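Chemist: The structure under discussion is supplied below as C-alpha cells; questions concerning it will follow.
In C-alpha cells, the structure reads:
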C-alpha cells in the first residue's frame, strides 16, 4: 500500500502521559488518536504553552478520535483547536457527555476563567463532536482511492472508554490493513464496567503498557486491603485520604465503599462518612448515574435489589471552596474517622493538597494510593518515601510524612501484564506487529520480552517494537 499506513507519535512514546498518535493513511490523509496533556516529569520543566504547542500538520487530518476523556488523552484539545483544527471529534456516546466537563475544567485551570470564553469554546467542541455507538463501523472516506472505516469497542478503563479499530482499504492498488489503537485498557472485574474483549483481528496493534511489568492483585484481595486500611483509620481515629482522578477511579471506589458499608456489621462502619471533595468529581458521578445503561451486569443487579451504589446515605459531597477549607480543618482537628476522595489523582494540585498539608505529619491519618503515580509528581514522592519516614514538598514547603502510606495497585483502572498479554493472545487473527506506547521504559521492555516469548511459544512470528524506536 505504497508505504502507508504509517504511525507517528506526538506523545506517550516513552512515558505515560500526553497520548497523541497519528495514523498517516496517505500522503494527504491522516487520523489523530487522542491529544493529551503531559504531566509530572514528562511536562519537561517547560512552560505549559511551549510544551503543549501543536507542532504537527493539521490540514490533512480527517478526524480526531478520542479513546476516553482522561486529561492525559484529551487535555491538548484546546491547543489543537486554537492551532486551527476544524475537523470532527469522534468518540463513544458516554464520552461525548463527559468530554465537555473535562475540557471546561482544563480551560479553567490552564487558560481562562472567563465564563463567556469557556462557553464559546465548549459550543465549538459540541459542534465538532460525533458520538459513535460501540461495535458499529463508521465510514470516514470511501472514494476511488480508499475506504477508511472506524469502529469503537469497549475498553473497560473508564465509562465511555474505547479501543479503536481502523480499517484502511486501498482501492487503487488493492490490499487492506486493520490497525488497532488500544487507548487505555481496563482490568477485568473492575467495578461498574464490563471487561474489554479482544478484537477478532488486526495487522498492527498500538498497545498501552502502563503496567507491562506488573500484575495486579485480585478484586477480592484489593477489596479486603481497602477494608483493612479503613479499619486501621477507624481504630486510630483518623482520616483516609485517597488522591483520586475525578472520573473513573472516584466512581469505582464509591461503588466498592458502598458494598463494604452494606456488608459491614460494626456500628463504626455504619456511620463512616465517605466524603467526595471535588465539584468536578460530583458532576462526573451525576453523569455516571445518568449513563447507567453502560454499567455492567453486577451493578445493574445492585440497583434492582434497591441499592444505590453511587448515591448512598453515608456519601457526602463538598462543593464550595469555603466548605472545603472547613472540612479540612474539622477532620484535622477532631480526628473523626472519614474517607476523603479528592483530586488530583497524583497529588499534583487540587483540593487533595490541602488535606495532605494538614494531615501528612499526623500519624493518625493515612494516605491511600489507588492509581499510577507518574515520576515527578508529589504522589510518586509520597508513595516512594512515605513508608520509610521521608518527606515531600507541597506548595514550596517541606512536610515530614508521618501518616501511614499504603498503595492498592489492584484498583488501577489499567490492565496489568497478564491482561495485556491476553488482549493480544486471545485474538482470532493475531497481529504481525505490536507497537508499545504509554508506559515507562522498563515496563515497555518487560512487556516486549513477554509478548515475544508468548509468540515463540505459539510458533508465530511477531514483531514487537517500542514507539521510541520509530521516533525521528
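Residue numbers (this note's numbering): 604 to 1075. Heads up, the beta-carbon is just placed ideally off N, CA and C, and yes, glycines get one too. Owing to the predicted nature of the structure, the values given are computational and were not obtained by experimental measurement.
Tell me whether residue 994 sits in a helix, a strand or coil according to DSSP, three-state version.
Modeler: To locate residue 994, count along the chain shown from 1; it is residue 391. If DSSP states are grouped into helix, strand and coil, residue 994 belongs with the strands.
Chemist: Do residue 970 and residue 846 have their C-beta atoms within less than 9 Å of each other?
Modeler: Numbered from its first residue, the chain shown carries residue 970 at position 367. Numbered from its first residue, the chain shown carries residue 846 at position 243. Going by C-beta atoms, residue 970 is nearer than 9 Å to residue 846.
Chemist: Residues in the same chain with beta-carbon distance under 7 Å from residue 985, minus the five sequence neighbours each way, listed in chain order, please.
Modeler: As a position in the chain shown, residue 985 is number 382, starting the count at 1. Hits under 7 Å: 950, 970, 995, 1004, 1008.
Chemist: List the residues that DSSP assigns as beta-bridge partners of residue 770.
Modeler: Indexing the chain shown from 1 puts residue 770 at position 167. Its beta-bridge partners are 752, 781.
Chemist: Helix, strand or coil for residue 913? Go by DSSP, reduced to three states.
Modeler: Your numbering for residue 913 matches position 310 in the chain shown. DSSP places residue 913 in coil when its eight states are reduced to three.
Chemist: With the cut-off set at 9 Å, would you say residue 930 and residue 885 are in Cβ contact?
Modeler: On the chain shown, residue 930 is found 327 positions in, with the first residue counted as 1. On the chain shown, residue 885 is found 282 positions in, with the first residue counted as 1. Not closer than 9 Å, so no.
Chemist: Taking just the CA atoms, how far does residue 876 sit from residue 926?
Modeler: Translated into positions along the chain shown, residue 926 becomes position 323. Translated into positions along the chain shown, residue 876 becomes position 273. The straight-line gap from Cα to Cα measures roughly 16 Å.
Chemist: Helix or strand or just coil, what does DSSP make of residue 593?
Modeler: With the chain covering only 604 through 1075, there is no way to say anything about residue 593.
Chemist: Considering only their Cβ atoms, is the gap separating residue 732 from residue 699 smaller than 9 Å?
Modeler: Translated into the one-based positions of the chain shown, residue 699 becomes position 96. Translated into the one-based positions of the chain shown, residue 732 becomes position 129. Their beta carbons are under 9 Å apart, which means residue 699 touches residue 732 by this criterion.
Chemist: How big is the Cα-Cα spacing for residue 902 and residue 856?
Modeler: In the chain shown, residue 902 corresponds to position 299, counting from 1. In the chain shown, residue 856 corresponds to position 253, counting from 1. C-alpha separation (whole angstroms): 13 Å.
Chemist: Rounded to whole angstroms, what is the Cα-Cα separation between residue 841 and residue 1002?
Modeler: Indexing the chain shown from 1 puts residue 841 at position 238. Indexing the chain shown from 1 puts residue 1002 at position 399. In a straight line, the C-alpha of residue 841 is about 18 Å away from that of residue 1002.
Chemist: Please work out which residues of its chain come closer than 8 Å, Cβ to Cβ, to residue 983, disregarding the five sequence neighbours upstream and downstream, and give them in chain order.
Modeler: Working through the chain shown from its first residue, we reach residue 983 at position 380. Excluding the 5 residues flanking it on each side, residue 983 has same chain C-beta neighbours closer than 8 Å at 643, 949, 976, 977, in chain order.
Chemist: Assess contact between the segment 684–697 and the segment 732–747, defined as three or more Cβ pairs (one per stretch) separated by less than 8 Å. Is contact present?
Modeler: Yes: the two stretches touch, three or more of their Cβ pairs being nearer than 8 Å.
Chemist: When we look at the beta-carbon of residue 1073 and count the other beta-carbons within 10 Å, is it buried (16 or more) or exposed?
Modeler: To locate residue 1073, count along the chain shown from 1; it is residue 470. That one is exposed.
Chemist: Could you tell me the distance, in whole angstroms, from the CA atom of residue 1075 to the CA atom of residue 619?
Modeler: Translated into positions along the chain shown, residue 1075 becomes position 472. Translated into positions along the chain shown, residue 619 becomes position 16. Any answer about residue 1075 is weak, because its pLDDT of 45 lies below 50 and its placement is not dependable; what the coordinates show is given next. One C-alpha to the other measures close to 19 Å.
Chemist: Which same chain residues end up closer than 6 Å to residue 801 when comparing Cβ atoms and leaving out the 5 residues on each side of it in sequence?
Modeler: Within the chain shown, the letter at position 198 stands for residue 801. Only 1026, 1029, 1030 meet the Cβ criterion.
Chemist: Fully enclosed by the segment 915–990, which alpha helix (DSSP H) runs are 4 residues long or longer?
Modeler: Listed in chain order, they are 924–937, 955–962, 981–988.
Chemist: Is the shortest distance between the beta-carbon of residue 746 and the beta-carbons of chain B less than 9 Å?
Modeler: Among the chains in the structure shown there is no chain B, since it carries only a single protein chain.
Chemist: DSSP three-state call for residue 684: helix, strand or coil?
Modeler: Numbered from its first residue, the chain shown carries residue 684 at position 81. The answer is helix: DSSP assigns residue 684 an H, G or I state.
Chemist: Pull up the distance between the alpha-carbon of residue 817 and that of residue 1020, whole angstroms please.
Modeler: Position 214 of the chain shown, counting from 1, holds the residue named residue 817. Position 417 of the chain shown, counting from 1, holds the residue named residue 1020. For residue 817 and residue 1020, the distance between alpha carbons rounds to 6 Å.
Chemist: DSSP three-state call for residue 715: helix, strand or coil?
Modeler: Position 112 of the chain shown, counted from the start, is the residue given in the question as residue 715. The answer is coil: DSSP assigns residue 715 none of H, G, I, E or B.
Chemist: Tell me, please, which residues DSSP counts as bridged to residue 873.
Modeler: Position 270 of the chain shown holds residue 873. According to DSSP, which records beta bridges pairwise, residue 873 is partnered with nothing at all.
Chemist: Are residue 1054 and residue 1044 touching if we call contact CB-CB under 9 Å?
Modeler: As a working mapping, residue 1054 is identified with position 451 in the chain shown. As a working mapping, residue 1044 is identified with position 441 in the chain shown. Result no, Cβ atoms of residue 1054 and residue 1044 do not sit closer than 9 Å.
Chemist: How is residue 865 classed by DSSP in three states: helix, strand or coil?
Modeler: Within the chain shown, residue 865 is the residue found at index 262, counting from 1. DSSP places residue 865 in helix when its eight states are reduced to three.
Chemist: Considering just the uninterrupted stretch of the beta strand (DSSP E) at residue 1069, what are its terminal residues?
Modeler: Taking the first residue of the chain shown as 1, we reach residue 1069 at position 466. Element bounds for residue 1069: 1066–1069.
Chemist: Determine the extent of the alpha helix (DSSP H) in which residue 830 is found, giving its start and end residues.
Modeler: Looking up residue 830 in the chain shown gives position 227. It spans 822–839 - the alpha helix (DSSP H) in which residue 830 sits, taken as one unbroken run.
Chemist: If you compare alpha carbons, which of 820, 898, 773, 1006 is closest to residue 799?
Modeler: Along the chain shown, one-based indexing puts residue 799 at 196. Ranking 820, 898, 773, 1006 by Cα distance to residue 799 puts 898 first.
Chemist: Starting from residue 1010, trace the alpha helix (DSSP H) in both directions and tell me its first and last residue.
Modeler: Translated into positions along the chain shown, residue 1010 becomes position 407. Element bounds for residue 1010: not the alpha helix (DSSP H) but the beta strand (DSSP E), 1007–1010.
Chemist: Assess, as a yes-or-no matter, whether the segment 610–627 is touched by the segment 662–678 under the definition of 3 or more beta carbon pairs within less than 8 Å.
Modeler: yes
Chemist: Go ahead and pull the three-state DSSP assignment for residue 818.
Modeler: Translated into positions along the chain shown, residue 818 becomes position 215. Residue 818 falls in the coil class under three-state DSSP.
Chemist: Going along the chain, which residues of its own chain have a beta-carbon closer than 6 Å to the beta-carbon of residue 1069, five neighbours each way excluded?
Modeler: Translated into positions along the chain shown, residue 1069 becomes position 466. Excluding sequence neighbours, residue 1069 sits near 1039, 1047.
Chemist: Measuring CA to CA, which of 980, 1033, 1062 is closest to residue 805?
Modeler: Position 202 of the chain shown, counting from 1, holds the residue named residue 805. It is 1033.
Chemist: Taking C-alpha atoms, which residue in 614, 788, 627 lies nearest to residue 658?
Modeler: For the purposes of this step, residue 658 is taken as residue 55 along the chain shown, with counting starting at 1. The shortest Cα separation from residue 658 among 614, 788, 627 belongs to 614.
Chemist: Reducing DSSP to helix, strand and coil, say where residue 811 ends up.
Modeler: Within the chain shown, the letter at position 208 stands for residue 811. Three-state result, residue 811: strand.
Chemist: On a CA-only basis, which of 792, 947, 687 is nearest residue 709? Give me that one, please.
Modeler: For the purposes of this step, residue 709 is taken as residue 106 along the chain shown, with counting starting at 1. Minimum Cα distance to residue 709 is reached at 947.
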